[in-house]
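Visitor: Residue numbers (my numbering): 23 to 252.
1. What are the start and end residues of each continuous alpha helix (DSSP H) run of 4 or more residues lying completely inside the region 64–133, in chain order?
2. Quick check: what's the CA-CA separation for residue 195 versus residue 107?
3. How would you label residue 77, buried or exposed, when you count the other beta carbons within 10 angstroms and need 16 or more for buried?
4. Nearest to residue 81 by CA position, among 127, 121 and 95, is which residue?
5. Do residue 199 and residue 207 have their C-beta atoms closer together than 8 angstroms?
6. Count the C-beta pairs between the region 56–75 and the region 96–105 that are closer than 8 angstroms, then say yes if the count reaches three, no if not.
7. State the Cα-Cα distance for the pair residue 133 and residue 214, rounded to the nearest angstrom.
8. Note down the Cα distance separating residue 115 from residue 136, rounded to an integer number of angstroms.
9. Whole angstroms are fine: how far does the CA of residue 124 sit from the CA of residue 62?
10. Quick check: the Cα distance between residue 226 and residue 118, rounded to an integer number of angstroms?
11. Decide if residue 236 is buried, meaning its Cβ has at least 16 other Cβ atoms within 10 Å, or exposed.
12. Let's test the definition: count the other Cβ atoms within 10 Å of the Cβ of residue 122 and tell me whether it reaches 16, buried, or not, exposed.
13. Taking the alpha-carbon positions, what's the residue 184 to residue 97 distance?
14. Nearest to residue 84 by CA position, among 230, 201 and 131, is which residue?
15. Between which two residues does the alpha helix (DSSP H) holding residue 234 run?
16. Does residue 186 pass the burial test, meaning 16 or more other C-beta atoms within 10 Å, or should it be called exposed?
17. In whole angstroms, give me the CA-to-CA distance for residue 74 and residue 110.
18. If you measure between the beta carbons of residue 223 and residue 204, is that distance less than 8 angstroms?
19. On a Cα-Cα basis, can you pick out the residue from 229, 233 and 90 that is closest to residue 139?
20. Excluding the five sequence neighbours on either side, which residues of its own chain have a C-beta within less than 8 angstroms of the C-beta of residue 219, listed in chain order?
Listed below in structure tokens is the structure:
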């Protein structure tokens with residue numbers, strides 16, 4: 023179940039339906055040099071910073087699914103990811119006046135969530151993770167039944183072949199592919215989010231595409247599908 027938020031109009035504080043209270047930290051600042059400009063998102067973000075709860079609800083509704091999907095690539099437990107997302111929205115509301123401007127809200131929140139996940143993993147070494155902060159992590163691309171990819175591929179064997187092809191990629195290649203083609207982030211945004219150079223992101227995506235091409239070369243349908251998706 024996706025996390026829900028409630029608005030308390032009496033004191034303008036977002037309250038979460040939890041039995042416990044967490045310590046919260048403000049999310050990291052956005053990169054002011056990011057070139058992508060989306061005027062409509064900039065306006066929504068400005069309204070949010072000015073205390074517009076409808077803007078907050080709009081941001082939540084439009085990003086929560088992407089945040090859940092991304093978070094579960096790092097942490098296997100969906101409830102933990104949902105809790106971290108809930109905390110993130112509480113934090114950005116309480117610190118809204120101090121947040122930097124952004125014209126890519128999803129990028130901003132994905133980066134902030136990644137930051138929270140890393141902090142959480144550092145504090146909770148025992149939890150089951152799919153992607154930690156060391157080079158020993160994995161980044162799984164597992165297609166859900168709601169995925170358009172699954173709907174487009176009717177045969178289980180073909181689904182398995184494409185999954186195996188993605189499994190040949192390195193963890194960083196999978197993350198770069200996921201951010202670029204599942205979340206439509208720009209190369210500069212991915213570089214900032216993954217804390218690598220923009221050229222490194224280009225290299226990751228290029229090598230991933232070449233690997234997919236080689237692995238799926240003998241299956242024209244899957245190769246064309248991978249080119250369309252990626």
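Even glycine gets a Cβ: it sits at the ideal position worked out from N, Cα and C.
Quantities reported herein were computed from a predicted structural model and do not represent experimental measurements.
Guide: Short version:
1. 75–93 and 100–116
2. 25 angstroms
3. buried
4. 127
5. no
6. no
7. 8 angstroms
8. 18 angstroms
9. 11 angstroms
10. 34 angstroms
11. exposed
12. exposed
13. 23 angstroms
14. 131
15. 220–237
16. exposed
17. 17 angstroms
18. no
19. 90
20. 213
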